[in-house]
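Engineer: Which chain is which? The protein sequence lines are A and B, in order.
The C-terminal position of the first sequence is numbered 298 in our numbering, with every residue numbered one higher than the one before it.
The C-terminal position of the second sequence is numbered 1236 in our numbering, with every residue numbered one higher than the one before it.
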Amino acid sequence: MSAFLSSAIMHNIFGGLAQGVIYSLVALSLVIIWQSTHVLNFAQGAMAMFATYVGMTEIGRGVGYWWCVLISVLVGMALGGATERVLIRPLYGKPEINPIVVMVGFLGVLEALAAAIWTSTTRNITEPFSQIYFQSNGHLVFLSSFVIFQIVLAISIMLFVAALFRFTKLGLQLRASALAPEVSRLLGVRVSRMLTIGWILSAGVGSIAAVIIASGSFGLFPTNMDGIFVASFIAAAVGGLESPIGAVAGGLIIGLVEQFILAYWSPNVAPLSGIIILVIVLMIRPQGLFTKHASRRV
Amino acid sequence: MIRVEDLTVNYGAVKALRDVSFEASTGKITAVLGANGAGKTTLLRTISGLVAPQNGSIHFDNSDLVGMATENIARLGVGHVPEGRGVIEELTVEENLRLGALSSKVNFAECVEEQYTRFPILSERRKKYCATLSGGERQMLAMARALIAKPRVLLLDEPSLGLAPQITAQLMRSIRQLCETQNLTVILVEQNAKSALRIAHHAVVLHLGSVVANADAATVAEDEDLRRYYLGVVVP
Chain A
1 MSAFLSSAIM HNIFGGLAQG VIYSLVALSL VIIWQSTHVL NFAQGAMAMF
51 ATYVGMTEIG RGVGYWWCVL ISVLVGMALG GATERVLIRP LYGKPEINPI
101 VVMVGFLGVL EALAAAIWTS TTRNITEPFS QIYFQSNGHL VFLSSFVIFQ
151 IVLAISIMLF VAALFRFTKL GLQLRASALA PEVSRLLGVR VSRMLTIGWI
201 LSAGVGSIAA VIIASGSFGL FPTNMDGIFV ASFIAAAVGG LESPIGAVAG
251 GLIIGLVEQF ILAYWSPNVA PLSGIIILVI VLMIRPQGLF TKHASRRV
Chain B
1001 MIRVEDLTVN YGAVKALRDV SFEASTGKIT AVLGANGAGK TTLLRTISGL
1051 VAPQNGSIHF DNSDLVGMAT ENIARLGVGH VPEGRGVIEE LTVEENLRLG
1101 ALSSKVNFAE CVEEQYTRFP ILSERRKKYC ATLSGGERQM LAMARALIAK
1151 PRVLLLDEPS LGLAPQITAQ LMRSIRQLCE TQNLTVILVE QNAKSALRIA
1201 HHAVVLHLGS VVANADAATV AEDEDLRRYY LGVVVP
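#1: Which value, in whole angstroms, describes the spacing of the CA atoms of residue 47 (chain A) and residue 1071 (chain B)?
#2: Check whether the segment 1138-1157 of chain B and the segment 264-279 of chain A are in contact - that is, three or more C-beta pairs closer than 8 angstroms.
#3: Determine, using beta carbons only, whether residue 85 (chain A) comes closer than 8 angstroms to chain B.
#4: Measuring CB to CB, does residue 289 (chain A) end up less than 8 angstroms from residue 281 (chain A)?
#5: Indicate the three-state DSSP secondary structure (helix, strand or coil) for residue 1085 (chain B) in the structure shown.
#6: Quick one: list the residues of chain E neighbouring residue 173 (chain A), beta-carbon separation under 7 angstroms, in chain order.
#7: On the CB-based measure, 16 or more other CB atoms within 10 Å of its CB, does residue 1061 (chain B) come out buried or exposed?
#8: Can you list, in chain order, the residues of its chain whose CB lies under 7 angstroms from that of residue 135 (chain A), leaving out five sequence neighbours each side?
#9: So, does the CB of residue 1063 (chain B) fall closer than 8 angstroms to a CB anywhere in chain A?
#10: With H, G and I counted as helix, E and B as strand and the rest as coil, what does DSSP make of residue 1018 (chain B)?
#11: Given a cut-off of 8 angstroms, decide if residue 176 (chain A) and residue 1073 (chain B) are closer than it, judged by their beta-carbon atoms.
#12: Hey, is residue 1086 (chain B)'s beta-carbon within less than 8 angstroms of any beta-carbon in chain A?
#13: Between the segment 141-175 of chain A and chain B, which residues of the former have CB atoms less than 8 angstroms from a CB of the latter, in chain order?
#14: Below 9 angstroms on C-beta distance, what does residue 258 (chain A) contact in chain B?
#15: Is the segment 38-46 of chain A close to the segment 217-231 of chain A, with three or more CB pairs under 8 angstroms?
#16: Check whether the Cβ atoms of residue 40 (chain A) and residue 203 (chain A) lie closer than 8 angstroms to each other.
#17: Could you tell me whether the Cβ of residue 182 (chain A) comes closer than 8 angstroms to any Cβ of chain B?
#18: When the cut-off is 8 angstroms and only beta carbons count, does residue 1094 (chain B) lie next to chain A?
#19: Check whether the segment 1174-1193 of chain B touches the segment 1005-1017 of chain B, taking contact to mean three or more Cβ pairs, one atom from each stretch, closer than 8 angstroms.
#20: Which residues does DSSP list as the beta-bridge partners of residue 190 (chain A)?
#21: Roughly how many angstroms separate the alpha carbons of residue 298 (chain A) and residue 1142 (chain B), rounded to a whole number?
#22: Short of 8 angstroms Cβ to Cβ, which residues in the segment 185-212 of chain A face chain B?
#23: Identify the continuous beta strand (DSSP E) that holds residue 1058 (chain B) and give its terminal residues.
#24: Give the residues of chain A in contact with residue 1048 (chain B), contact being defined as C-beta atoms less than 7 angstroms apart.
#25: Report yes if the CB atom of residue 1215 (chain B) is closer than 8 angstroms to the CB atom of residue 1033 (chain B), and no otherwise.
#26: With 16 as the cutoff for other CB atoms within 10 Å, does residue 1217 (chain B) come out buried or exposed?
#27: Could you tell me whether the segment 1110-1127 of chain B touches the segment 1158-1169 of chain B, where touching means 3 or more Cβ pairs closer than 8 angstroms?
#28: Using 8 angstroms as the limit for Cβ to Cβ distance, is residue 1110 (chain B) near chain A?
#29: What is the rounded straight-line gap between the Cα of residue 1198 (chain B) and the Cα of residue 179 (chain A)?
#30: In the segment 19-107 of chain A, which residue ranges form an unbroken alpha helix (DSSP H) of at least 4 residues, counting only runs that do not cross its ends?
#31: Would you say residue 179 (chain A) faces chain B, with C-beta separation under 8 angstroms as the test?
#32: Just the Cα atoms here: how many angstroms apart are residue 73 (chain A) and residue 207 (chain A)?
#33: Are the C-beta of residue 1024 (chain B) and some C-beta of chain A separated by less than 8 angstroms?
#34: Which residue marks the beginning of the beta strand (DSSP E) containing residue 1187 (chain B), and which one marks its end?
#35: Is the Cβ-Cβ distance between residue 35 (chain A) and residue 242 (chain A) less than 8 angstroms?
#36: Please name the residue in A:147, A:122 and A:256 whose C-alpha comes closest to that of residue 132 (chain A).
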């Protein structure tokens, strides 16, 4: 058993899962925003990065790690709400390309602003859990407390989000507001409030992902979420954009495939794995792996 | 009672409603009739707050609905079944009904059973996505979703659109029955003037945004000129 756990294949599985849960969390934040507002937020990663900078700067002032995480998440949520109110709200009812263009621009602004305030140097943040691999009967098992924390956290957030959308009144109102805002208003739903709540929730989940990334070996720098955002966007699309479970599954699939290609083929091909998976899924099941009803044009 | 006074709505240079005034009495059905482009749908959308009028007032319950947010008008007890029914296809039948009940303080479990008794087919389809429903089933769902919140006023926009004559007749009987048993005020927009006048107490006829007749339904039904020139009913 110990030999199996320490085998190369298990090493790659654990590595793929660790990377996959990060993709899953960011994909989950994209799904929340899509489910509740039908907007694709291309600045999701940058907003999370910015919130992480604000929170984690407090560590240097002697504030404890978990308090800094809380600050990052709260700042992220506030930034999400403010972005919806200021940048996105004037664009409702306008062509669908408008919010995409605005958010791509906002991504650039946030990254430039972060570099101007905190410089582009990578900051290493002390991880909350050890990244030293476990040992079993003298064999190294490529799994650490930090990886377990990542996986448990991602699964917990996924279950929370899935339950929120599936079983709560708030979740139903969030979905209805995105799918049919006018009908929702006629039924008494306060649609504009729901749209803001959707952005707040999404930004909160995105910030948690960014904090984990910054706390790991990747570190924190202004563009640290760019590559992760691309893989996470693909993960969300593979899962079906409307399914929290799909987002997590998509993230894990891409994380694992990337890791195996990296190990057994070429590091140059690994970044393309997501695109290849996306093309295959879109050819076989255009609505994504976990969306039940037929796809809708966006 | 809903009292509409001097309501004027413009879409740019186009006048959709011109000084429209009428009253919809409590517990009665008021049919709003007219050809395509007469302003019927605009009138309902203005009452619901989806369209802002340039002039006029809409009185309900000592409040002027003009300027009020759509969701607040719904919360006052004004239910609106829009043209095309407005069921949300990506939600299940039960989720659509749950959404309808959210704005009021009704007990969902009790009220949903009431709607399932009224429309038994919805009970069978409760877990199905609305995209799989037929036109008639969608209409029933749209009605049930509006009724579940126990509205005091119901605005119905072309409920018979796309339905077979037999289902239309059944639907019209249900509307009349609802009105009588629940003291519901109904404003019914219909192109099918014959069906609407059969159940309505009062009728308002619109032509190019102006009121050309405002009388009890029987009078409008018997007026040959109105039927011939504004309602498209062939007079022998």
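Ideal Cβ placement from N, Cα and C applies to all residues, glycine included.
Since the structure is predicted, the reported quantities are computational estimates derived from the model, not experimental observations.
Structural biologist: Let's see:
#1: Sequence index remark: in the first sequence, residue 47 (chain A) carries index 47 (1-based). Sequence index remark: in the second sequence, residue 1071 (chain B) carries index 71 (1-based). If I take the Cα positions, the gap works out to 31 angstroms.
#2: no
#3: Working through the first sequence from its first residue, we reach residue 85 (chain A) at position 85. Cβ-Cβ to chain B under 8 angstroms: no for residue 85 (chain A).
#4: Here residue 289 (chain A) corresponds to residue number 289 of the first sequence, with the count starting at 1. Here residue 281 (chain A) corresponds to residue number 281 of the first sequence, with the count starting at 1. Yes, Cβ-Cβ distance for residue 289 (chain A) and residue 281 (chain A) is below 8 angstroms.
#5: Here residue 1085 (chain B) refers to the residue found at position 85 of the second sequence. Three-state result, residue 1085 (chain B): coil.
#6: Absence of chain E from the displayed structure is noted, the protein chains being A and B.
#7: In the second sequence, residue 1061 (chain B) corresponds to position 61, counting from 1. Per the 10 Å Cβ criterion, exposed.
#8: As a first step, residue 135 (chain A) is located in the first sequence; it is residue number 135 there, counting from the start. Counting only Cβ-Cβ distances below 7 angstroms, and skipping sequence neighbours, we find 141.
#9: Mapped onto the second sequence, residue 1063 (chain B) falls at position 63. No, because no Cβ of chain A sits closer than 8 angstroms to the Cβ of residue 1063 (chain B).
#10: Position 18 of the second sequence, counted from the first residue, corresponds to residue 1018 (chain B). Strand.
#11: Here residue 1073 (chain B) corresponds to residue number 73 of the second sequence, with the count starting at 1. Here residue 176 (chain A) corresponds to residue number 176 of the first sequence, with the count starting at 1. Their beta carbons are not under 8 angstroms apart, which means residue 1073 (chain B) does not touch residue 176 (chain A) by this criterion.
#12: For the purposes of this step, residue 1086 (chain B) is identified with residue 86 of the second sequence, where counting begins at 1. Taking Cβ atoms only, chain A reaches closer than 8 angstroms to residue 1086 (chain B), which makes this a yes.
#13: 169, 172, 173 and 175
#14: Start at 1 with the first residue of the first sequence, and residue 258 (chain A) comes out as number 258. Those do not exist, as residue 258 (chain A) stays about 32 angstroms from chain B at its closest Cβ, beyond 9 angstroms.
#15: yes
#16: Mapped onto the first sequence, residue 40 (chain A) falls at position 40. Mapped onto the first sequence, residue 203 (chain A) falls at position 203. Taking 8 angstroms as the Cβ cut-off, residue 40 (chain A) and residue 203 (chain A) do not qualify as a contacting pair.
#17: If you number the first sequence from 1, residue 182 (chain A) lands on position 182. Yes, contact with chain B.
#18: In the second sequence, the residue the question calls residue 1094 (chain B) occupies position 94. No, because no Cβ of chain A sits closer than 8 angstroms to the Cβ of residue 1094 (chain B).
#19: no
#20: Sequence index remark: in the first sequence, residue 190 (chain A) carries index 190 (1-based). DSSP lists no partner for residue 190 (chain A).
#21: Position 298 of the first sequence, counted from the first residue, corresponds to residue 298 (chain A). Position 142 of the second sequence, counted from the first residue, corresponds to residue 1142 (chain B). Caution is warranted here: a pLDDT of 38 is assigned to residue 298 (chain A), below 50, making its placement in the model unreliable, and the coordinate value is therefore given only provisionally. Cα-Cα distance, rounded: 25 angstroms.
#22: 185, 186, 187, 188, 189, 190 and 191
#23: Within the second sequence, numbered from 1, the residue matching residue 1058 (chain B) stands at position 58. Counting along the chain, the beta strand (DSSP E) containing residue 1058 (chain B) begins and ends at 1055-1060.
#24: Translated into the one-based positions of the second sequence, residue 1048 (chain B) becomes position 48. Under the 7 angstroms cutoff, chain A gives 186.
#25: As a first step, residue 1215 (chain B) must be located in the second sequence, where it is residue number 215. As a first step, residue 1033 (chain B) must be located in the second sequence, where it is residue number 33. Their beta carbons are not under 8 angstroms apart, which means residue 1215 (chain B) does not touch residue 1033 (chain B) by this criterion.
#26: Taking the first residue of the second sequence as position 1, residue 1217 (chain B) is located at position 217. So residue 1217 (chain B) counts as buried.
#27: no
#28: Position 110 of the second sequence holds residue 1110 (chain B). It does not: the Cβ of residue 1110 (chain B) has no partner Cβ on chain A nearer than 8 angstroms.
#29: The count along the second sequence starts at 1 and reaches residue 1198 (chain B) at position 198. The count along the first sequence starts at 1 and reaches residue 179 (chain A) at position 179. Spanning the two alpha carbons is a distance of roughly 36 angstroms.
#30: 44-56 and 65-83
#31: In the first sequence, counting from the first residue as 1, residue 179 (chain A) sits at position 179. Cβ-Cβ to chain B under 8 angstroms: yes for residue 179 (chain A).
#32: Position 73 of the first sequence holds residue 73 (chain A). Position 207 of the first sequence holds residue 207 (chain A). Whole-angstrom Cα-Cα distance: 5 angstroms.
#33: One-based indexing of the second sequence puts residue 1024 (chain B) at position 24. No, residue 1024 (chain B) lies away from the interface with chain A (no Cβ there is under 8 angstroms from its Cβ).
#34: Taking the second sequence and counting its residues from 1, the one referred to as residue 1187 (chain B) is at position 187. Per DSSP, residue 1187 (chain B) belongs to the beta strand (DSSP E) from 1185-1190.
#35: Sequence index remark: in the first sequence, residue 35 (chain A) carries index 35 (1-based). Sequence index remark: in the first sequence, residue 242 (chain A) carries index 242 (1-based). Yes; because the gap between Cβ atoms is below 8 angstroms, this pair is in contact.
#36: Mapped onto the first sequence, residue 132 (chain A) falls at position 132. Of the candidates A:147, A:122 and A:256, the one whose C-alpha sits nearest the C-alpha of residue 132 (chain A) is A:147.
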